[in-house]
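Here's the structure, in structure tokens; my notes come after.
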Ligand SMILES: [Ca+2]
Ligand SMILES: [Ca+2]
């Protein structure tokens, strides 16, 4: 993996120990990859999530439970090379299936900061807050 980022994932194996993940571009498969190892036994791979190599300026995030299965989810943030849109490609941590691709718009000056403050509108899905500069002015958007 090319310059992997390390992430801590809230427990998905139900043993009470958080898991460890390494994420980055797998140059052999030409896909972005996030591999989750069991926090108490790193020889065990719990999940191996991949995304196609269609984004630039990529980073990886651990999100609150976005699909209601009780487990935290993960996302790739990047700029779609085709559309120029900043996107969050959100994936189920355990089965690796796509939950949604959130379009954040193309008018950010640089990749915006993504964070979460819980379910602020009460629809049962945690909100995603995106913060950054647009044309030199600070902007914050809630999704
Ligand atoms: Ca665990
Ligand atoms: Ca989930």
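Numbering (the working numbering), first residue to last: 1311 to 1453. Idealized CB from N, CA, C, for every residue including glycine.
Cβ distance (whole Å) where residue i is taken to contact residue j below 8 Å
| i | j | result |
| --- | --- | --- |
| residue 1367 | residue 1388 | 6 Å |
| residue 1317 | residue 1372 | 6 Å |
Residue j beta carbon less than 9 Å from that of residue i
| i | j | result |
| --- | --- | --- |
| residue 1414 | residue 1398 | yes |
| residue 1452 | residue 1439 | yes |
| residue 1375 | residue 1328 | no |
Selection from the options that minimises the alpha carbon distance to residue i
| i | options | result |
| --- | --- | --- |
| residue 1407 | 1347, 1383, 1322, 1369 | 1383 |
| residue 1343 | 1326, 1312, 1420, 1427 | 1312 |
| residue 1338 | 1394, 1445, 1363 | 1363 |
Residue i beta carbon near ligand 1 (any heavy atom closer than 8 Å)
| i | result |
| --- | --- |
| residue 1355 | no |
Contacting residues, own chain, Cβ-Cβ under 6 Å from residue i (five flanking each side not counted)
| i | result |
| --- | --- |
| residue 1358 | 1345 |
| residue 1331 | 1317, 1319, 1344, 1346 |
Proximity test, residue i beta-carbon vs ligand 2 heavy atom, cut-off 8 Å
| i | result |
| --- | --- |
| residue 1331 | no |
| residue 1379 | yes |
Other residues of its chain near residue i: CB distance less than 7 Å, five sequence neighbours each side excluded
| i | result |
| --- | --- |
| residue 1252 | Residue coverage of the chain in this structure runs from 1311 to 1453, which leaves residue 1252 outside it and unanswerable. |
Neighbourhood of residue i by C-beta, 8 Å cutoff - its chain only, sequence neighbours within 5 removed
| i | result |
| --- | --- |
| residue 1419 | 1442, 1443, 1444, 1445, 1446 |
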